[in-house]
Each structure stands twice: as structure tokens, then as C-alpha cells.
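Trainee:
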Amino acid sequence: METYFVDSNVFFYAKIRDKKYGDACAEILRRITGNQLTGATSTLAILETSNALRKYGRQDEIEDEVTALYSLPITIHELLNMDIRLATEIQSKTKVSPYDCAHAAIMKRTGVTMILSADGQHFDHIPGIKRVDPLDPTFTVGRGRRTPRD
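Under our numbering, the final residue of the sequence shown carries the number 199; numbering is consecutive throughout.
#1: Classify I155: buried if its beta carbon has 16 or more other beta carbons within 10 angstroms, exposed otherwise.
#2: Do the CB positions of S57 and L93 come within less than 9 angstroms of each other?
#3: To the nearest angstrom, report how far apart I95 and D185 are at their CA atoms.
#4: Tell me where the beta strand (DSSP E) around G88 begins and ends.
#5: Measuring alpha carbon to alpha carbon, tell me which of A153, V161, K157, T159 ends up nearest D168.
#6: Would you kindly work out how many angstroms separate the C-alpha atoms of M163 and T116, rounded to a whole number?
#7: Which one of Q170, K179, Q108, R107 has the shortest CA to CA distance from K144?
#8: May I ask which residues mark the beginning and end of the alpha helix (DSSP H) holding T159?
#9: Closer than 6 angstroms by C-beta to T78: which residues in its own chain qualify, once you throw out the five before and the five after it? Chain order, please.
#10: Output needed for V181: all residues of its chain with C-beta closer than 8 angstroms, excluding positions within five of it in sequence on either side, in chain order.
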């Protein structure tokens, strides 16, 4: 089963029950919990989720959310010095956010090429990374793979 890197916005939108993405993101997390989807993320994504909750006025929920994320059956990769160096190389070529470049660097280091993210403005511009929008109708989350439209 292919591994999907889970971007921080998937965790955040599921948590706040976002009107547009909340249900789809919550379903992704349910599929990961049910071992129907193999996920990976990073300590940076968890920190970004925490900061988004703080900005959203839900700082009292950060500790419980971090605990919940660490309880998922998901691989959590550390952000390494080598990732920062690669992220700066990616950023200089793409002009994409350094944070998203750090996620891409972690993905490249760990051999993950697919990312579940609502952030199309950034990941779509990084070579070697294929973004899947949580709302993409061609993505069959239950099978953990992309399937063609009928």
C-alpha cells in the first residue's frame, strides 16, 4: 500500500470541522486509524497544526490534539538538518514556502511521493511531489490509491 504524507491542514481541518474540508479530512484520519490508508507526517506538521489552532483561538486544545496525533498509526518523521539544507535548495528553485519545502525534503528523504493536502498553491509546484486534494473525486481514500474517474 502506498504511503501518503499527511499535511498539517488535513489535521487542522478535521479538528475544526472546516465547512469545506472537514468531513473529507476526518475521513482520511478514520481510514488511517482503520489501517485502510498508510500515512506519514512530520514533527513539523504537528507543530504547524498546533500553531494553526493557536491562531484560530483554540490554544487550550493543542495539548490534546498533539496527543491524539501521536496516537495515530502513522509514521512521524523528525525534521533533520539535512532536510533543512534540501528545503532551502527546493525553495530557491520553486519560491515555495520554506515550511512546505521542508515537508517536501522530508518526503524525498523518506521516499514518499504523494501528499494529502488542501494546499495546491505550493505543493503543485514542487517537482517529484504529487499532491492529492482531500476533496479530489478521483482519490479513493478507502483503497489508499488514486483510481480513474468512471
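Just so it is clear, CB atoms sit at the ideal spot from N, CA and C, and this is done for glycine as well.
Here the structure is a predicted model, which is why all the values come from computation and not from measurement.
Mentor: With the structure as the only source:
#1: Taking the first residue of the sequence shown as position 1, residue 155 is located at position 106. Under this definition I155 is a buried residue.
#2: For the purposes of this step, residue 57 is taken as the residue at position 8 of the sequence shown. For the purposes of this step, residue 93 is taken as the residue at position 44 of the sequence shown. For S57 and L93, yes; Cβs fall inside 9 angstroms.
#3: Your numbering for residue 95 matches position 46 in the sequence shown. Your numbering for residue 185 matches position 136 in the sequence shown. Rounded to the nearest angstrom, the two C-alpha atoms are 23 angstroms apart.
#4: Along the sequence shown, read from residue 1 onward, the residue named residue 88 stands at position 39. Segment 87-91, the beta strand (DSSP E) holding G88.
#5: In the sequence shown, residue 168 corresponds to position 119, counting from 1. From the listed residues A153, V161, K157, T159, the smallest Cα separation to D168 is found for A153.
#6: Taking the sequence shown and counting its residues from 1, the one referred to as residue 163 is at position 114. Taking the sequence shown and counting its residues from 1, the one referred to as residue 116 is at position 67. Distance between the alpha carbons of M163 and T116 is about 25 angstroms.
#7: Position 95 of the sequence shown, counted from the first residue, corresponds to residue 144. With distances taken between Cα atoms, K144 lies closest to Q170.
#8: Mapped onto the sequence shown, residue 159 falls at position 110. From DSSP, the alpha helix (DSSP H) with T159 extends over 147-159.
#9: For the purposes of this step, residue 78 is identified with residue 29 of the sequence shown, where counting begins at 1. Note that residue 78 is Leu in the sequence shown here, rather than Thr. Taken in chain order, the residues that qualify are A63.
#10: On the sequence shown, position 132 is the one that residue 181 refers to. Correct list, in chain order: Y53, M163, I164, L165, S166, F188, R195.
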